[in-house]
Every structure is written in C-alpha cells, then in structure tokens.
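Trainee: Chains as they are written, first to last, in numbering that gives the first Met the number 0: chain A, 0 to 153; chain B, 0 to 174.
Virtual Cβ for every residue (Gly too), placed ideally from N, Cα, C.
Fair warning: this is a prediction, and the values are worked out from it, not measured in the lab.
Here's a structure for you.
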Amino acid sequence: MMGLLSNKYFQILLRLIIGGLFVYASLNKLFNQEAFAKAIYNYKLLPSEVVNILAIVLPYIEFFSAVFLILGIYKKGSSFLIGGMLIVFIIALTRAYVLGLDISCGCFSLETVSEKGDISQRIIEDILMLIACVLIFFNADKKNFTNNNKEIQQ
Amino acid sequence: MLKTFKEVFIILVISVIAGFSANALSPNGVPIIGEYSDRLAVDSTSKSSGVKQEKQRTKEGFIKPVNIPVDATKKFFEEGAIFIDGREPEEFSQGHIKGAINVPYKEFKDLPTENKLEKLKDIPKNKTIVSYCGGGECEISIDNAYEFAKIGYEDVNIYLGGLLEWKEKGFPTNN
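In structure tokens:
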C-alpha cells in the first residue's frame with residue numbers, strides 16, 4: 000500500500016489532479032476580485048479590512064501553487080500551501096455549514112455554494128484533496144531516495 | 000523544513016506581485032483597504048434628512064442605487080414607494096414588508112432585458128423603488144437593486160436592514 004502511495008506515477012497523477020483542480024478553481028477568480036471579495040465577505044470570518052487583500056492575493060496563490068505542483072517545481076512548497084489553504088477552507092465551510100450562513104439567500108456571488116448539501120459535499124472534497132496534498136508533501140523528496148537505492152543496488 | 004519555507008516564500012512573493020498587478024489592471028478590481036465595494040456604504044445623510052442628493056451614474060451609465068437606513072425606508076414606505084423583495088417565493092410567503100412585490104433575484108437576474116421590463120411594466124421608471132431581502136447583511140437586496148437600475152429605473156434604493164430590522168422595529172408586515 001505504501002508502495003503504491005509513493006509510486007512515482009501515482010504521485011504524478013495526484014499532482015495533476017490537485018494542480019488541475021486548483022488552476023480551474025482559480026481561473027474565474029483571477030480577474031473577478033470584487034465578486035470573490037463578496038464571497039469571502041459572506042463567510043463573515045474575517046474583518047472587512049482583510050477581505051480585499053485576500054481577494055486580491057488568494058486566487059494567485061492558488062494559481063501559482065497549482066502550476067508549480069503540475070510542473071513538479073517546488074513540490075514541497077506548493078503542496079504545503081495548497082494543503083494550508085484547504086485546511087482554512089475546511090474550517091470556513093464547516094463553520095458556514097454549522098451556522099447556516101446565508102444559504103437561503105443566494106448571496107454567494109460566485110455561486111459555487113448555494114445549498115447546504117453542496118457545502119457538505121465541498122467539505123468532503125476538500126478533505127480528500129488535503130489527504131492527497133499530505134501524500135504529495137511527504138513524497139516530494141522520495142524520488143531521490145529511490146534513485147539512490149537503485150544506485151546502491153546496482 | 001527550511002526548504003519548504005523557502006519554496007513557500009518564493010510562491011507567495013510571485014503571487015503577491017501578480018495579484019496586486021492584476022487588481023490594478025482589472026475592471027473588477029477592489030480597493031486594497033476598505034469595503035470590497037462602495038455598494039455597501041450606507042448613505043445615512045441623504046434622503047432621511049431631507050437633503051436632496053445628486054444622482055450619481057455608474058461607469059456603465061445607469062443611475063446608481065442608494066443605500067438607505069431604516070428611517071429613510073420608513074419615510075419612503077409612508078410616501079408609497081414600491082418595495083421589492085428579492086427572496087425566493089417560499090420565504091416571501093412566510094412574511095414580508097407590507098405591500099411588497101416579490102421579484103426573486105435568482106430567476107430575475109437571468110431574464111433577458113425585455114422580459115424584465117415586461118414583468119415590471121406596471122411600475123413607472125421614475126417611481127421610488129426600495130429593494131430589500133432578509134436582512135442581516137443578506138445581499139440580494141443590493142444585487143436586485145442593480146438589476147433594476149440597469150434596466151432604467153431612476154430612483155432605486157437599497158434597504159440593507161431588510162425584513163429582520165423592519166420586524167424588530169415593529170413596522171407593518173404581511174404574514
């Protein structure tokens with residue numbers, strides 16, 4: 000099992016899936032700062048002074064982390080960042096779910112989450128992606144070890 | 000661990016530079032500090048105190064809706080303004096501001112302009128409109144108000160306090 004999880008091709012597949020999903024998720028936010036700020040604001044998690052800065056920077060952190068992850072550059076850093084963002088998303092979504100924030104209101108401007116069922120589904124998806132990120136993070140340096148082992152065996 | 004932080008730092012620097020540059024160039028950009036949108040700033044000085052406010056136009060050319068506090072809303076209510084409730088019909092049927100018309104934003108926003116105008120043909124363009132929703136910072140009141148303003152309504156107001164505040168004040172409702 001551990002062999003499969005750290006298998007080179009399985010790792011590439013994980014990186015492509017997570018990277019692809021994050022590039023896709025960031026695309027419509029890259030130039031939609033106002034709509035994204037509104038979506039963050041609706042979570043009522045952050046003071047309004049921070050909302051705009053986050054709306055300006057967060058989509059680009061998502062985008063560049065994802066691109067680096069796909070390309071296999073800075074694998075540790077990018078999986079660390081994506082994992083960190085996922086933890087924040089999971090907390091924010093769970094909180095919105097528990098508090099029943101605005102879900103009958105149609106207030107999420109990007110309209111990715113509108114029903115309570117959607118929120119729970121998003122939480123599960125985020126947890127799965129977080130597990131994938133942990134696997135990528137802890138295997139990011141493994142390639143060298145395997146090569147070394149091979150060299151030693153030879 | 001140091002390697003991870005170094006990589007994180009590099010990605011963050013690139014993202015911050017790209018993010019702020021894109022925000023400066025984007026037509027949907029936001030101010031770095033402050034409300035994400037000036038749509039949210041409540042105008043408490045204008046109509047409630049009887050001061051005639053100049054109508055502002057947006058970049059797109061329509062007259063900008065004005066946020067109004069509860070006392071101005073009550074005044075408009077007494078003067079016979081049209082109240083537009085942007086929530087879903089089920090929520091509307093459970094209670095709304097007395098005499099309000101239900102225009103659910105979710106369906107309304109996607110209608111072609113001519114259908115919007117057809118739906119609202121009984122409301123003259125110069126009539127005072129007050130858009131509201133559930134309250135508690137529910138924002139379809141804002142979105143709905145902009146839909147009205149875009150199709151030519153000239154005096155559109157947003158009552159952010161919504162049904163929640165209206166009820167707390169004990170003002171007239173239909174249940």
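If you count every other CB in all the chains shown that lies within 10 Å of the CB of Glu113 (chain B), and 16 or more means buried, which is it?
Mentor: Here residue 113 (chain B) corresponds to residue number 114 of the second sequence, with the count starting at 1. Exposed.
Trainee: Can Ile55 (chain A) and Phe19 (chain B) be called in contact, C-beta distance under 9 Å?
Mentor: Your numbering for residue 55 (chain A) matches position 56 in the first sequence. Your numbering for residue 19 (chain B) matches position 20 in the second sequence. Cβ atoms of Ile55 (chain A) and Phe19 (chain B): closer than 9 Å.
Trainee: Between the alpha carbons of Asn6 (chain A) and Ala34 (chain A), how many angstroms are there, rounded?
Mentor: Numbered from its first residue, the first sequence carries residue 6 (chain A) at position 7. Numbered from its first residue, the first sequence carries residue 34 (chain A) at position 35. C-alpha separation (whole angstroms): 40 Å.
Trainee: Less than 8 Å between C-beta atoms, sequence neighbours within five positions excluded: which residues of the same chain meet that for Tyr40 (chain A)?
Mentor: Position 41 of the first sequence, counting from 1, holds the residue named residue 40 (chain A). Excluding sequence neighbours, Tyr40 (chain A) sits near Ser47 and Val50.
Trainee: Near Lys63 (chain B), which residues of its chain fall below 8 Å by C-beta distance, leaving aside the five closest residues on each side in sequence?
Mentor: By one-based count along the second sequence, residue 63 (chain B) stands at place 64. Once the five neighbours on either side are set aside, the close Cβ partners of Lys63 (chain B) are Lys54, Gln55, Arg56, Thr57 and Ala148.
Trainee: Which two residues bound the contiguous alpha helix (DSSP H) that contains Tyr152 (chain B)?
Mentor: The residue you call residue 152 (chain B) lines up with position 153 of the second sequence. From DSSP, Tyr152 (chain B) is part of no alpha helix (DSSP H); its letter is neither H nor E.
Trainee: Could you tell me whether any Cβ in chain B is nearer than 9 Å to the Cβ of Leu77 (chain A)?
Mentor: If you number the first sequence from 1, residue 77 (chain A) lands on position 78. Correcting the residue identity first, residue 77 (chain A) is Ser in this sequence and not Leu. Yes, contact with chain B.
Trainee: Helix, strand or coil, according to DSSP, for Val97 (chain A) in the structure here?
Mentor: Taking the first sequence and counting its residues from 1, the one referred to as residue 97 (chain A) is at position 98. Correct three-state label for Val97 (chain A): helix.
Trainee: So the beta strand (DSSP E) Thr57 (chain B) belongs to, where does it begin and stop?
Mentor: Reading the second sequence from its first residue, position 58 is the one you call residue 57 (chain B). Run containing Thr57 (chain B): none; DSSP gives neither H nor E here.
Trainee: Within the same chain, show all residues whose beta-carbon is closer than 8 Å to that of Lys115 (chain B), passing over the 5 residues directly before and after it, in chain order.
Mentor: Locating residue 115 (chain B) in the second sequence gives position 116, counting from the first residue. If we look at Lys115 (chain B) and ignore the five residues flanking it on each side, its Cβ neighbours are Phe107, Glu146 and Ile150.
Trainee: When the cut-off is 9 Å and only beta carbons count, does Ser5 (chain A) lie next to chain B?
Mentor: Taking the first sequence and counting its residues from 1, the one referred to as residue 5 (chain A) is at position 6. For Ser5 (chain A), the answer is no, since every Cβ of chain B falls outside 9 Å of its Cβ.
Trainee: Are the C-beta of Val15 (chain B) and some C-beta of chain A separated by less than 9 Å?
Mentor: Within the second sequence, numbered from 1, the residue matching residue 15 (chain B) stands at position 16. Chain A, which has a Cβ nearer than 9 Å to the Cβ of Val15 (chain B), makes this yes.
Trainee: In three-state DSSP terms, what is Gly160 (chain B)?
Mentor: Reading the second sequence from its first residue, position 161 is the one you call residue 160 (chain B). Coil.
Trainee: Which residues bound the alpha helix (DSSP H) around Ile13 (chain B)?
Mentor: Taking the first residue of the second sequence as position 1, residue 13 (chain B) is located at position 14. Leu1 to Leu24 is the span of the alpha helix (DSSP H), which, as asked, contains Ile13 (chain B).
Trainee: In this structure, what does DSSP give as the bridge partners for Ser130 (chain B)?
Mentor: In the second sequence, the residue the question calls residue 130 (chain B) occupies position 131. According to DSSP, Ser130 (chain B) bridges with B:Ile83 and B:Ile157.
Trainee: Helix, strand or coil, according to DSSP, for Ile72 (chain A) in the structure here?
Mentor: Within the first sequence, numbered from 1, the residue matching residue 72 (chain A) stands at position 73. Note: Ile72 (chain A) maps to coil in three-state DSSP.
Trainee: So with CB distances below 8 Å, who are the chain A contacts of Phe19 (chain B)?
Mentor: Start at 1 with the first residue of the second sequence, and residue 19 (chain B) comes out as number 20. Within 8 Å Cβ-Cβ: Ile55 and Val56.
Trainee: If you measure from the beta carbon of Tyr42 (chain A) to each beta carbon in chain B, is any gap under 9 Å?
Mentor: Counted from its first residue, the first sequence places residue 42 (chain A) at position 43. No, no contact with chain B.
Trainee: For the alpha helix (DSSP H) that contains Asn41 (chain A), what are its first and last residues?
Mentor: If you number the first sequence from 1, residue 41 (chain A) lands on position 42. Gln32 to Asn41 is the span of the alpha helix (DSSP H), which, as asked, contains Asn41 (chain A).
Trainee: Nearest to Ser119 (chain A) by alpha carbon, out of A:Leu129, A:Leu53 and A:Thr93?
Mentor: Reading the first sequence from its first residue, position 120 is the one you call residue 119 (chain A). That would be A:Thr93, whose Cα lies nearest to the Cα of Ser119 (chain A).
Trainee: Can you tell which of B:His95, B:Gly28 and B:Glu153 has its C-alpha closest to the C-alpha of Gly169 (chain B)?
Mentor: The residue given as residue 169 (chain B) occupies position 170 in the second sequence. Selected option, being the one with the closest Cα: B:His95.
Trainee: Please confirm if the segment 120 to 132 of chain B is in contact with the segment 152 to 165 of chain B, defined as three or more CB-CB distances below 8 Å between the two stretches.
Mentor: Yes, the segment 120 to 132 of chain B is in contact with the segment 152 to 165 of chain B.
Trainee: Specify the secondary structure class of Ile122 (chain B) as computed by DSSP and reduced to three states.
Mentor: The residue labelled residue 122 (chain B) in the question sits at position 123 within the second sequence. In this structure, Ile122 (chain B) counts as coil in the three-state DSSP scheme.
Trainee: Give me, in chain order, the residues of the same chain whose beta-carbon lies closer than 7 Å to that of Gly28 (chain B); leave out the 5 immediate sequence neighbours on both sides.
Mentor: By 1-based counting over the second sequence, the position of residue 28 (chain B) is 29. Cβ within range, chain order: Asn22.
Trainee: Express the C-alpha separation of Ala24 (chain A) and Phe30 (chain A) in angstroms, rounding to a whole number.
Mentor: Within the first sequence, the letter at position 31 stands for residue 30 (chain A). Within the first sequence, the letter at position 25 stands for residue 24 (chain A). Roughly 13 Å separates the two Cα atoms.
Trainee: Between Glu87 (chain B) and Lys105 (chain B), how many whole angstroms is the CB-CB distance? I'm expecting something under 8 Å.
Mentor: The residue labelled residue 87 (chain B) in the question sits at position 88 within the second sequence. The residue labelled residue 105 (chain B) in the question sits at position 106 within the second sequence. With a Cβ gap of about 7 Å, Glu87 (chain B) and Lys105 (chain B) count as contacting.
Trainee: By the 10 Å Cβ neighbour count, where 16 or more other Cβ atoms means buried, how is Tyr8 (chain A) classified, buried or exposed?
Mentor: In the first sequence, residue 8 (chain A) corresponds to position 9, counting from 1. By the 10 Å Cβ count, Tyr8 (chain A) comes out exposed.
Trainee: For Cys106 (chain A), name the three-state secondary structure that DSSP assigns.
Mentor: By one-based count along the first sequence, residue 106 (chain A) stands at place 107. Note on Cys106 (chain A): pLDDT 35, under 50, position unreliable in the model; the coordinate value appears next. In this structure, Cys106 (chain A) counts as coil in the three-state DSSP scheme.
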